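Taking it in order: structure first as structure tokens, then the write-up.
In our numbering, the protein residues as written are 51 to 155.
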């Protein structure tokens, strides 16, 4: 319902889904949400929900609160450039659709 309604972002959380943390579960985030459901927005972690740098490779686009280093330049450098482009374009497109840069949001 949220995808059909045009949600700009989805938050993954702390729970395990099929034995993997939701934010680090590529089947859940990339295959199901972004692939099968065609979610165009970005996936943001709940605060401190990531337990490793694998979240970015699994499809999480933004780490919150962003202070643990999982999305550091060194870790992101290991990702394919196409994944980095996807992360940035999803966040920026969602912000643009929400009117974040317009004079009257």
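From the three backbone atoms N, C-alpha and C, an ideal C-beta is built for every residue, glycine too.
Quick caveat, the model's predicted, so the values are computed rather than measured.
For residue j and residue i, the rounded distance between their alpha carbons
| i | j | result |
| --- | --- | --- |
| residue 117 | residue 58 | 23 Å |
| residue 96 | residue 121 | 14 Å |
| residue 73 | residue 149 | 27 Å |
| residue 152 | residue 82 | 32 Å |
| residue 89 | residue 55 | 11 Å |
| residue 50 | residue 79 | Past the boundaries of the shown model lies residue 50; the chain is included only from 51 to 155, so the question cannot be answered. |
Run of the beta strand (DSSP E) containing residue i, from where it starts to where it stops
| i | result |
| --- | --- |
| residue 59 | 59-62 |
| residue 95 | 92-95 |
Outcome for residue i when other beta-carbon atoms lying within 10 angstroms are tallied against a minimum of 16
| i | result |
| --- | --- |
| residue 99 | buried |
| residue 137 | buried |
| residue 111 | buried |
| residue 65 | exposed |
| residue 68 | exposed |
| residue 134 | exposed |
Own chain partners of residue i with C-beta closer than 8 Å, once the 5 adjacent residues on each side are dropped
| i | result |
| --- | --- |
| residue 125 | 103, 106, 119 |
| residue 115 | 97, 98 |
Same chain, Cβ closer than 6 Å to residue i, five either side skipped, listed in chain order
| i | result |
| --- | --- |
| residue 61 | 94, 96 |
Own chain, CB closer than 7 Å to residue i, minus 5 neighbours either side, in chain order
| i | result |
| --- | --- |
| residue 113 | 95, 100, 105, 120, 121 |
| residue 141 | 92, 111, 112 |
Contact test: residue i Cβ vs the ligand FAD heavy atom, cutoff 7 Å
| i | result |
| --- | --- |
| residue 77 | The ligand FAD is not part of the structure shown, which contains no ligands of any sort. |
Boundaries of the alpha helix (DSSP H) in which residue i is found, first to last residue
| i | result |
| --- | --- |
| residue 130 | Per DSSP, residue 130 belongs to no alpha helix (DSSP H) and is neither H nor E. |
| residue 53 | 52-55 |
| residue 106 | 104-108 |
Chain B within 8 Å of residue i, Cβ atoms only
| i | result |
| --- | --- |
| residue 128 | Absent here is chain B; the protein component of the structure consists of one chain. |
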